[in-house]
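Notes for the one structure printed next.
Number of protein chains: 2
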Amino acid sequence: MSIRIGIYGYGNLGRGVEAAIRQNKDTQLVAVFTRRDPAGVKIATEGVEVVSSENIEQYKDKIDVLIICGGSATDLPVQTPKLAKMFNVIDSFDTHANIPTHFKNVDNAAKEGGNVGIISVGWDPGMFSLARLYSNCILTDGADYTFWGKGVSQGHSDAVRRIEGVADARQYTVPVTDALNAVRSGKNPELTTREKHTRVCYVVAKEGADKARIENEIKTMPNYFADYDTTVNFITADEMKRNHSGLPHGGFVIRSGKTGLNGEHNHIIEYSLKLDSNPEFTACVLVAFARAAFKLSSEGVSGCKTVFDIPPAYLSAMPHEEIISHLL
Amino acid sequence: MSIRIGIYGYGNLGRGVEAAIRQNKDTQLVAVFTRRDPAGVKIATEGVEVVSSENIEQYKDKIDVLIICGGSATDLPVQTPKLAKMFNVIDSFDTHANIPTHFKNVDNAAKEGGNVGIISVGWDPGMFSLARLYSNCILTDGADYTFWGKGVSQGHSDAVRRIEGVADARQYTVPVTDALNAVRSGKNPELTTREKHTRVCYVVAKEGADKARIENEIKTMPNYFADYDTTVNFITADEMKRNHSGLPHGGFVIRSGKTGLNGEHNHIIEYSLKLDSNPEFTACVLVAFARAAFKLSSEGVSGCKTVFDIPPAYLSAMPHEEIISHLL
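Chains as they are written, first to last, in my numbering: chain L, 1 to 328; chain Z, 1 to 328.
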C-alpha cells in the first residue's frame, strides 16, 4: 500500500515534489491542485489529474497527505490552517519570526480536523534547525554559526529586478571563507553581518539604462545589500540564461563548544549542504516528512508538529529492524 | 526539579558524564557505582557517594536515569539488560553487528521493569547514525560514506601494545583527503579500505627490543593493519606523554545523491565532528539522551529505544515554545 499524496501549488517546489515522489516507491501522486486554470497546467506525471484548488474538498478521502507548495509571505499563513482542517498537511513556511503564530494556527485547525500538520519543513528551517537543536543539546556551553551559500537568493534577486532599468538579475549569497575557517578553528569569533557573507549580483540592464545608478541603488539598498560587501556584474541576457539558470544553494551550521571540568576541551559539530537544486532538495525533505505525517496520523495523532517533534525513524520507508541493522 | 542521574562505571566515559552533568543545569549526579572498592575511587564532585555496584538495588527510587559506562565487548551485553529491569538506562553499545540482539535483550528487560532503555548512544553509533538516517531518507538515490578521524583508536592502540617489545603505543586513524574530496565532488567513487583511511602509530619500544620486527608485526597484523597503509614512528616515553596523551577523534558522514525527473541534480549532505576529547563528547550525547529517557518514562513509555526513536525536542532542556522560536 502506498501513501497517496496531493501537491497544492505547482511552481518550482511543486515540480520538485512531483520528482521526489517518483524516487520514493512507497508514495504515489494522486492530484496536483492549482489556482490557475487546470487546462493550462501541464505536469510531468502521466495519468495524474490537475484539479482546480476550488474543488479540493472532493479529494478529502482520496489523499493521505497534502504537500502545500505556496509562498510564505501570503499563501501559507492562509492555506495551511485552512487545508489542515481537511488533510494531513506539510508546508515549508520559512518566515522565522512568524513561526510561533503559524504553529498555533495550524495546531488549532489540525486538531479540529483530526489531522497532522508538519510546518517549516525543508532545509532552513528544517534540516539546519535539526542540526542546531542536536548540537545545542550536546554542547551546552558553546556558540552557533549558520552560513548560507554559495547559492541563489530568490528574495534578493527579486529586489534587484525591481530596480528601474534592470531586465533580469540573479543574486548569489556567498559565505566568507576566512569567517568559516575562524569558526572551525574553535575560536568562537564574534562576526558582523559583513564579515560572514558577501553578495554577488549578475544583472542584465535594459538598453540605455544607467548602469552606474543601478549599481549604486543595489549597493545602498537597506536590509538587502547595504550591510554587505556587494559585487555587481553586468552581463548579457544570453550569459544569464547560459550560466545562471539554475537554483543552487546550501550552507553550513556549525556549533563550537567546550567540555570538561574546566572547559579544557573544544569540539566542533558541522552540518553542511551543497545543493544543485534548492527546490528539489527541499521537496525531498517534504516528502520524507509526509511519510512521517502519514504514520503519525495512522496512530491517531493530531495537531501541529515541527521537525523537532518527529522521531527520525518515522521518516524512513524501511522497517525498524532494518534501520537498526543497517544505519545504526 | 532536576533529573537524578547515576553513573555506572567510572573510567574515561564515566568521568566525562560527571563533567557533562555539571554543564546541564536540569540534571544532578546522585551516585557513582563501581565494581572496584568504593573507598579507592575518588570522584570530582563533592558530596556525591561512590557506591559498590553490588548495592545498586538500594538506589531504585533515588535515580531517574542510570548512565552505563561499561565496555561493549563484555560489560554492556550483560549490564544493560540487567540494569534496565530496575532503572531507565542509557548505554553506548557500539558493536554494530550485535546491536539487533542487544536491542531485543534490553527491550524485554526494560518492558519487564516498566523502564526506558536507550542503547548505542554516542557519536558512532549515535550522531553519525542519525546523519546517515536523515540523509538516506532525503536523498533516496545516493551513496553513503563514513570517514573516521583524525583520532585515536583505542582498539588499535591496544592491539599494538600487545606486541612483544612494545612499552606503550598510540594509533591514529586518518581519513585520506583525496578520498574525502572525491566524495564531496559528487562523483560517488567506489573506495577500498586502503583508499579511505591511513593508520599512524606512535610506539615506545622497550629497551633492546627489535624495532624492525615490531614495525613488521604491526604492518602485517590482519584486520587491524594489513589492509591499510600504516606508518610506524618510534618515540620516547616522554614524547608520548607530552604529545599523545589526549583522546581526540572525529569524522565525516557524507551522503551524495541525485534528484530531478532524470537525476540531473547532485546534492551533498555532510555531517562532521572534530573532537578534542572522544569520551567527553560521547558523555555529552549520553546526558542529552538521558533527559529524553526521563521524559519518555514520565509519559509512561517503556522498552528499548535508539537515537532513531527519540523526537529531537526530547533532548532539549528548553520548553517547546522556546525551541520553536529560537532554533527552528
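All C-beta atoms in this analysis are idealised placements derived from N, C-alpha and C, irrespective of residue type, glycine included.
**Prompt:** Straight-line CA distance for valine 160/L to leucine 275/L?
**Reply:** Sequence index remark: in the first sequence, residue 160/L carries index 160 (1-based). Sequence index remark: in the first sequence, residue 275/L carries index 275 (1-based). Cα-Cα distance, rounded: 23 Å.
**Prompt:** How should asparagine 223/L be labelled, buried or exposed, when 16 other C-beta atoms within 10 angstroms of its C-beta is the threshold for buried?
**Reply:** For the purposes of this step, residue 223/L is taken as residue 223 along the first sequence, with counting starting at 1. So asparagine 223/L counts as exposed.
**Asked** Nearest-angstrom Cα distance between serine 185/L and asparagine 278/Z?
**Response** For the purposes of this step, residue 185/L is taken as the residue at position 185 of the first sequence. For the purposes of this step, residue 278/Z is taken as the residue at position 278 of the second sequence. If I take the Cα positions, the gap works out to 17 Å.
**Item:** Against chain L: residues of the stretch 245-269 of chain Z by CB proximity under 7 Å
**Value:** Sequence-ordered contacts of the stretch 245-269 of chain Z with chain L read Thr259, Gly260, Leu261, His265, Asn266, His267, Ile268, Ile269 [C-beta pairs closer than 7 Å].
**Prompt:** Which runs of the alpha helix (DSSP H) fall wholly inside the stretch 187-228 of chain L and span at least 4 residues, in chain order?
**Reply:** Qualifying alpha helix (DSSP H) stretches, in chain order: 193-196, 211-219.
**Item:** Residue from Lys42/L, Pro38/L, Asn88/L, Ala209/L whose Cα sits closest to the Cα of valine 301/L
**Value:** Working through the first sequence from its first residue, we reach residue 301/L at position 301. With distances taken between Cα atoms, valine 301/L lies closest to Asn88/L.
**Request:** Below 7 Å CB to CB, which residues in the same chain sit around leucine 191/L once its five sequence neighbours on both sides are set aside?
**Result:** Counting from one through the first sequence, the residue named residue 191/L turns up at place 191. Leaving aside the five residues that flank leucine 191/L on each side, the residues in its chain whose CB is nearer than 7 Å to its CB run, in chain order, Ala179.
**Prompt:** Which ranges would you report for the alpha helix (DSSP H) in the stretch 45-88 of chain Z if only whole runs of at least 4 residues count?
**Reply:** Within the stretch 45-88 of chain Z, the complete alpha helix (DSSP H) runs of at least 4 residues fall at 76-84.
**Within chain Z, partners of cysteine 201/L - CB distance below 9 Å** = Numbered from its first residue, the first sequence carries residue 201/L at position 201. None at all; the shortest Cβ gap to chain Z is about 24 Å.
**Request:** With 7 Å as the C-beta to C-beta threshold (strictly closer), list the residues of the stretch 271-286 of chain L near chain Z in chain order.
**Result:** If the cut-off is 7 Å between Cβ atoms, the stretch 271-286 of chain L has Tyr271, Ser272, Leu273, Lys274, Leu275, Asp276, Ser277, Glu280, Phe281, Cys284, Val285 near chain Z.
**Message:** Between glutamine 23/L and chain Z, is any beta-carbon pair separated by less than 8 Å?
**Reply:** Within the first sequence, the letter at position 23 stands for residue 23/L. Yes, because at least one Cβ of chain Z sits closer than 8 Å to the Cβ of glutamine 23/L.
**Request:** Can you give me the Cβ contacts of serine 52/Z inside the same chain, cut-off strictly under 6 Å, excluding the 5 residues immediately before and after it?
**Result:** Counting from 1 along the second sequence, the entry for residue 52/Z is found at position 52. For serine 52/Z, where only same-chain residues beyond five positions count, the Cβ hits under 6 Å are Pro38.
**Request:** Reducing DSSP to helix, strand and coil, say where isoleucine 21/L ends up.
**Result:** Taking the first sequence and counting its residues from 1, the one referred to as residue 21/L is at position 21. DSSP, read as helix, strand or coil, puts isoleucine 21/L in helix.
**Asked** Along the stretch 128-149 of chain L, what residues have a CB closer than 7 Å to any CB found in chain Z?
**Response** Cβ contacts with chain Z come from Ser129, Leu130, Arg132, Leu133, Tyr134, Asn136, Cys137, Ile138, Leu139, Thr140, Asp141.
**Asked** Which same chain residues, not among the five before or five after threonine 231/L, have their C-beta less than 6 Å away from its C-beta?
**Response** Counted from its first residue, the first sequence places residue 231/L at position 231. Hits under 6 Å: Val200.
**Closer than 8 Å to chain L by CB, proline 100/Z** = As a working mapping, residue 100/Z is identified with position 100 in the second sequence. With 8 Å as the cut-off, proline 100/Z counts as an interface residue toward chain L.
**Message:** For the beta strand (DSSP E) containing arginine 4/Z, name the first residue and the last one.
**Reply:** Stepping through the second sequence from its first residue, residue 4/Z is reached at position 4. It spans 3-8 - the beta strand (DSSP E) in which arginine 4/Z sits, taken as one unbroken run.
**Message:** Quick test of the definition: if touching needs 3 or more C-beta pairs under 8 Å, does the stretch 114-133 of chain Z touch the stretch 78-92 of chain Z?
**Reply:** With a cut-off of 8 Å on Cβ pairs, the stretch 114-133 of chain Z is in contact with the stretch 78-92 of chain Z, counting three or more such pairs.
**Limits of the alpha helix (DSSP H) - the one that glutamate 239/L falls within** = Translated into the one-based positions of the first sequence, residue 239/L becomes position 239. For glutamate 239/L, the enclosing alpha helix (DSSP H) begins and ends at 237-243.
**Request:** Find out if the Cβ-Cβ distance for the pair aspartate 229/Z, valine 204/Z is shorter than 8 Å.
**Result:** Residue numbering aside, residue 229/Z sits at position 229 when the second sequence is read from its first letter. Residue numbering aside, residue 204/Z sits at position 204 when the second sequence is read from its first letter. For aspartate 229/Z and valine 204/Z, no; Cβs fall outside 8 Å.
**Asked** Assuming serine 316/L and isoleucine 324/L make a contact with CB atoms under 8 Å, what is their CB distance in whole Å?
**Response** By 1-based counting over the first sequence, the position of residue 316/L is 316. By 1-based counting over the first sequence, the position of residue 324/L is 324. Isoleucine 324/L and serine 316/L do not touch by the CB rule: their CB atoms are close to 11 Å apart, not below 8 Å.
**Asked** alanine 19/L: which of Ala288/L, Cys284/L, Glu299/L sits nearest, CA to CA?
**Response** The residue given as residue 19/L occupies position 19 in the first sequence. The closest CA to that of alanine 19/L, considering only Ala288/L, Cys284/L, Glu299/L, is found on Cys284/L.
**Request:** Please name the residues in the stretch 210-226 of chain Z whose beta-carbon is closer than 8 Å to at least one beta-carbon of chain L, in chain order.
**Result:** Residues are counted here when their Cβ sits less than 8 Å from a Cβ of chain L; for the stretch 210-226 of chain Z the count is zero.
**Asked** In whole angstroms, what is the alpha-carbon distance linking alanine 131/Z and alanine 143/Z?
**Response** Here residue 131/Z refers to the residue found at position 131 of the second sequence. Here residue 143/Z refers to the residue found at position 143 of the second sequence. Between alanine 131/Z and alanine 143/Z, the C-alpha separation is close to 13 Å.
**Message:** Quick test of the definition: if touching needs 3 or more C-beta pairs under 8 Å, does the stretch 73-81 of chain L touch the stretch 13-32 of chain L?
**Reply:** Taking 8 Å as the limit for Cβ pairs, the verdict is that the stretch 13-32 of chain L does not touch the stretch 73-81 of chain L.
**Request:** Take the Cβ of glycine 16/Z as the centre, count every other Cβ of all protein chains shown within 10 Å, and call the residue buried at 16 or more, exposed below.
**Result:** One-based indexing of the second sequence puts residue 16/Z at position 16. With a threshold of 16 other beta carbon atoms within 10 Å, glycine 16/Z meets it and is buried.
**Message:** Distance check for valine 32/L and serine 2/L, CA to CA, integer angstroms please.
**Reply:** In the first sequence, counting from the first residue as 1, residue 2/L sits at position 2. In the first sequence, counting from the first residue as 1, residue 32/L sits at position 32. Computed Cα separation, rounded: 17 Å.
**Item:** Three CB pairs or more closer than 8 Å across the stretch 40-56 of chain Z and the stretch 297-311 of chain L
**Value:** Output reads no: the stretch 297-311 of chain L does not touch the stretch 40-56 of chain Z.
**Item:** Top-ranked residue by Cα proximity to leucine 247/Z, from Thr146/Z, Tyr172/Z, Leu327/Z
**Value:** The residue labelled residue 247/Z in the question sits at position 247 within the second sequence. Out of Thr146/Z, Tyr172/Z, Leu327/Z, the CA that lies nearest to the CA of leucine 247/Z is found in Tyr172/Z.
**Prompt:** Out of curiosity, what's the CA-to-CA distance linking serine 256/Z and isoleucine 268/Z?
**Reply:** Translated into positions along the second sequence, residue 256/Z becomes position 256. Translated into positions along the second sequence, residue 268/Z becomes position 268. So the two alpha carbons sit approximately 5 Å from each other.
**Request:** Report the rounded CA-to-CA distance for leucine 286/Z versus valine 50/Z, giving the unit in angstroms.
**Result:** For the purposes of this step, residue 286/Z is taken as the residue at position 286 of the second sequence. For the purposes of this step, residue 50/Z is taken as the residue at position 50 of the second sequence. Cα to Cα, the separation comes out at about 20 Å.
**Prompt:** Within 8 Å (strictly less), CB to CB, does glutamate 321/L reach chain Z?
**Reply:** Within the first sequence, residue 321/L is the residue found at index 321, counting from 1. Output row for glutamate 321/L: interface = yes.
**Asked** How long is the line joining the alpha carbons of arginine 4/L and leucine 296/L, rounded to whole angstroms?
**Response** On the first sequence, residue 4/L is found 4 positions in, with the first residue counted as 1. On the first sequence, residue 296/L is found 296 positions in, with the first residue counted as 1. Those two C-alpha atoms are separated by around 15 Å.
**Message:** Any contact between the stretch 132-140 of chain Z and the stretch 96-115 of chain Z? By contact I mean 3 or more CB pairs, one from each, below 8 Å.
**Reply:** Between the stretch 132-140 of chain Z and the stretch 96-115 of chain Z there are fewer than three C-beta pairs closer than 8 Å, too few to call the two in contact.
**Message:** Just to make sure I have the definition right: I need the residues of chain L whose C-beta is within less than 8 Å of the C-beta of proline 311/Z. Which are they?
**Reply:** Taking the second sequence and counting its residues from 1, one reaches residue 311/Z at position 311. Going along chain L in sequence order, the residues near proline 311/Z (Cβ under 8 Å) are Phe308, Asp309, Ile310, Pro311.
**Item:** Per-residue DSSP class, three states only, for valine 116/Z
**Value:** Residue 116/Z sits at position 116 when you count from the first residue of the second sequence. Residue state for valine 116/Z is assigned as strand, using DSSP reduced to three classes.
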